[in-house]
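Number of protein chains: 2
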Amino acid sequence: MKNQIPTATALMNPGCNQCSLSKLCIPIAVNSEDIDRLDEIISRGRVLERGERIFEQDAPFTSCYAVRSGAVKTYTLSSDGEEQVTGFYLPGEVIGLDSIHMNQYSGTATALERTRVCEIPLGQLDEIADEIPGLQHHFMHLMSQEIRDSRQLTLLLSKKTAEERIASLLLSLSSRFSRRRLSGTEYRLPMPRSDIGNFLGLAVETISRVLTRFQNQGLVKVRGRDVEILSLEGLKGLLSHETECKRTSA
Amino acid sequence: MKNQIPTATALMNPGCNQCSLSKLCIPIAVNSEDIDRLDEIISRGRVLERGERIFEQDAPFTSCYAVRSGAVKTYTLSSDGEEQVTGFYLPGEVIGLDSIHMNQYSGTATALERTRVCEIPLGQLDEIADEIPGLQHHFMHLMSQEIRDSRQLTLLLSKKTAEERIASLLLSLSSRFSRRRLSGTEYRLPMPRSDIGNFLGLAVETISRVLTRFQNQGLVKVRGRDVEILSLEGLKGLLSHETECKRTSA
DNA sequence: CGTACAGTTGAGGAGATTCAATCATCGTGG
DNA sequence: CCACGATGATTGAATCTCCTCAACTGTACG
């Protein structure tokens with residue numbers, strides 16, 4: 010019966026083999042046999058409503074999570090209680106990497122909208138790491154990526170203007186939606202302006218102002234959270250233009 | 010003869026067993042047998058003068074490096090050619106973690122002063138990772154740490170004032186010198202103001218101004234690169250004070 | 001239909017940057 | 001040994017970007 014009539018949850022949540030995101034989430038060159046083994050330790054289909062937490066800061070670390078659908082933000086609470094948004098995660102992306110082999114989660118992850126995640130318990134992953142040698146490598150790769158993204162963000166925050174930061178975010182989202190074969194020029198922001206501002210180190214008012222400025226320049230069309238990028242080139246031009254301007258004026 | 014008369018370099022560069030930094034650099038619970046094995050793959054004692062490069066951005070990744078003495082800065086060159094300092098590394102700290110299991114180095118590392126490093130070739134490390142299981146974990150741990158540090162920096166850059174950033178750097182250096190049993194209240198900055206400014210996202214002039222302000226407040230005594238911290242508490246107080254001010258004025 | 005929340009817009013102000021000049025430090029060569 | 005240039009560091013004045021405060025608009029939802 011197990012073979013003939015899949016349960017409802019199994020239908021909703023096929024294994025990694027069937028998952029359309031597997032190329033993004035675990036894109037290691039493992040044979041299907043290994044993927045099957047992976048399937049055994051990954052629990053799929055946890056559904057979260059907006060605002061629900063996937064894991065909480067300082068809770069004992071157990072698992073990373075792959076986003077299947079929806080969107081997630083991660084943030085840390087500093088000692089004085091202020092929130093710092095550390096990242097937004099779309100389907101196919103993995104959360105909790107920065108807590109691997111630490112005792113506890115370094116931040117909190119909450120769903121920005123209705124979200125499904127796959128849990129990847131890392132205690133067990135260690136055990137089978139020997140059997141699937143590529144896996145440990147892959148996670149190190151993901152962690153390297155995470156460090157680089159963070160460095161990228163650091164550069165953004167330390168040297169770039171409000172316009173550059175926002176253009177950069179719009180483009181980042183664009184390319185990440187594209188990777189999922191969704192439109193890279195027309196999408197809906199999963200997060201409120203306040204989260205964007207927190208993430209980019211800008212006031213919400215500044216987000217608004219810059220977005221309308223972009224709109225007046227014909228770069229984008231924005232209505233609330235709906236974004237349509239009219240000129241990818243124009244946005245990209247903003248990123249590197251800054252230095253050119255300085256050079257020409259100097 | 011090899012056994013009886015150690016070479017000069019061997020005297021200068023004892024193995025991990027003898028290294029006073031081993032507790033910081035590779036503080037894994039490995040038995041001395043494992044450390045010996047580690048010794049075999051780590052080449053010690055490469056000496057670099059100020060300005061010399063340890064590795065270069067986009068060069069094929071081969072090794073991480075542990076700083077033995079001196080100081081190192083890492084930076085990336087963005088597409089438009091501007092430099093972004095991504096970190097400072099003191100003895101006992103490991104460079105290149107963000108490039109593990111990537112094809113190439115994500116940035117350049119250069120010596121800020123005369124510096125000795127140990128090379129940790131990671132191709133070979135993989136091979137013996139099975140024999141020393143703690144090692145792979147340890148590197149993941151270091152990488153997690155790196156991500157967190159980067160997040161911390163992100164918070165610093167996106168939400169903190171110039172005073173907070175600089176106080177934070179002074180305190181970070183203080184605690185890192187302390188870990189090495191050096192004075193945490195009196196040390197010499199290994200980097201010029203321009204690197205500090207680049208790292209913290211501030212103009213050099215701002216660094217100067219804030220440092221003299223600190224000095225006038227009796228928090229530190231600064232003469233060029235020599236720093237004496239007169240009130241650790243005072244500096245720490247600056248870090249969380251910001252929000253309190255806002256709250257009281259609101 | 002009104003309340004709550006998210007987003008936009010405007011005016012004023014604070015903090016950091018930029019530009020420019022000065023001062024200090026250090027290694028170099030006369 | 002000292003003068004010299006070069007680089008690094010400091011200080012001042014003007015400017016600018018972004019923040020804060022405030023009012024207002026739109027939208028979702030009871």
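Listed in order, the protein sequences are those of chains X and B. Numbers 10 to 259, taken from this note's numbering, label the letters of the first sequence in order. Numbers 10 to 259, taken from this note's numbering, label the letters of the second sequence in order. All C-beta atoms, glycine included, are put in the ideal place defined by N, C-alpha and C. Please read all numbers here as calculations on a predicted model, not as lab measurements.
Separation of the CB atoms of residue 105 of chain X and residue 72 of chain X is rounded to 7 Å, and the pair is thereby assigned contact status at 8 Å.
In terms of beta-carbon proximity, residue 177 of chain X stays away from the interface with chain B, with every pair separated by 8 Å or more. Membership of residue 168 of chain X in the alpha helix (DSSP H) is indicated by the continuous run 142-168.
By the C-beta density criterion, residue 53 of chain X is buried, having at least 16 other C-beta atoms within 10 angstroms. Contact between the segment 216-231 of chain B and the segment 171-191 of chain B is present: three or more C-beta pairs spanning the two stretches fall below 8 Å.
Burial check for residue 191 of chain X: the Cβ neighbour count within 10 Å stays below 16, so the residue is exposed. Listed along chain X, the residues sitting closer than 9 Å to residue 95 of chain B by beta-carbon distance are 160, 163 and 164. Below the 8 Å Cβ cutoff, chain B contributes 160 and 164 as neighbours of residue 85 of chain X, in chain order. Interface criterion met: the Cβ of residue 153 of chain B is under 8 Å from a Cβ in chain X. For residue 235 of chain X, the CB contacts under 6 Å within the same chain, skipping 5 residues up- and downstream, are 197 in chain order.
Leaving aside the five residues that flank residue 230 of chain X on each side, the residues in its chain whose CB is nearer than 7 Å to its CB run, in chain order, 224, 237 and 239.
Residue 82 of chain X is positioned such that its CB atom lies closer than 8 Å to that of residue 121 of chain X. The three-state secondary structure of residue 86 of chain X, taken from DSSP, is strand.
Those residues of the segment 101-115 of chain X placed with their C-beta closer than 8 Å to a C-beta in chain B are 106, 107, 108, 109, 110, 111 and 115, ordered along the chain. Remark: C-beta atoms of residue 86 of chain B and residue 66 of chain B approach each other more closely than 8 Å.
With its beta carbon at least 8 Å from every one in chain B, residue 79 of chain X lies outside the interface.
For residue 210 of chain B, the chain X residues whose C-beta falls within less than 8 Å of its own C-beta are 166, 167 and 168, listed in chain order. Pairing residue 194 of chain X with residue 101 of chain X, the inter-Cα distance amounts to about 19 Å. Ranking B:74, B:126 and B:109 by CA distance to the CA of residue 56 of chain B puts B:126 first. Distance from the CA of residue 161 of chain B to the CA of residue 116 of chain X, rounded to the nearest whole angstrom, comes to 11 Å.
A residue is called buried when at least 16 other Cβ atoms come within 10 angstroms of its Cβ; residue 113 of chain B does not meet this threshold and is exposed.
With a 10 Å radius around the Cβ and a threshold of 16 neighbouring Cβ atoms, residue 68 of chain X comes out exposed. Between residue 153 of chain B and residue 107 of chain X, the gap from beta carbon to beta carbon is short of 8 Å. Under the Cβ criterion of 8 Å, residue 145 of chain X is counted among the residues facing chain B. Taking 8 Å as the CB threshold, residue 149 of chain B lines the interface with chain X. Taking 3 residues as the shortest admissible run, the segment 177-206 of chain X contains the following complete beta strand (DSSP E) segments, listed from N- to C-terminal end: 195-197. Of all alpha-carbon atoms in B:132, B:138 and B:209, the one lying nearest the alpha-carbon of residue 96 of chain B is that of B:209. The beta carbon of residue 218 of chain X sits no closer than 8 Å to any beta carbon of chain B.
Going by DSSP, residue 218 of chain X is part of the alpha helix (DSSP H) stretching over 213-225. Chain X has a Cβ within less than 8 Å of the Cβ of residue 156 of chain B.
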